[in-house]
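S.K.: Here it is: the structure, laid out below.
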């Protein structure tokens, strides 16, 4: 199975979910005083949000742009 199929096998992702997660887990800038655990925790959250955003984009591509 190629990468595109793995994304399209996901259930449809509503844009409202992505918008809500962006509000709950916004992208942040960190100062050097923040600990590595704080950074890891934040980037783990953002990784999930970014995955869902990417999957949403793939699921909603125009049929003319599909490979």
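Numbering (my numbering), first residue to last: 3 to 69. C-beta: ideal position from N, C-alpha, C; glycine also. Given the structure is predicted, the values throughout are model-derived calculations rather than measurements.
Tell me which residues share the same chain as residue 17 and place their Cβ nearer than 7 Å to its Cβ, disregarding the 5 neighbours each side in the sequence.
M.R.: Here the set comprises 58.
S.K.: Do you know offhand how far residue 56's Cα is from residue 62's?
M.R.: Roughly 10 Å separates the two Cα atoms.
S.K.: Report buried or exposed for residue 26, applying the criterion of at least 16 other Cβ atoms within 10 angstroms of its Cβ.
M.R.: Residue 26 comes out exposed.
S.K.: Can you list, in chain order, the residues of its chain whose CB lies under 8 Å from that of residue 30, leaving out five sequence neighbours each side?
M.R.: Closer than 8 Å at Cβ, skipping near neighbours: 44.
S.K.: Considering only residues of the same chain and omitting the five flanking positions on each side of residue 15, which have a CB-CB separation below 7 Å?
M.R.: Only 54, 57, 58, 61 meet the Cβ criterion.
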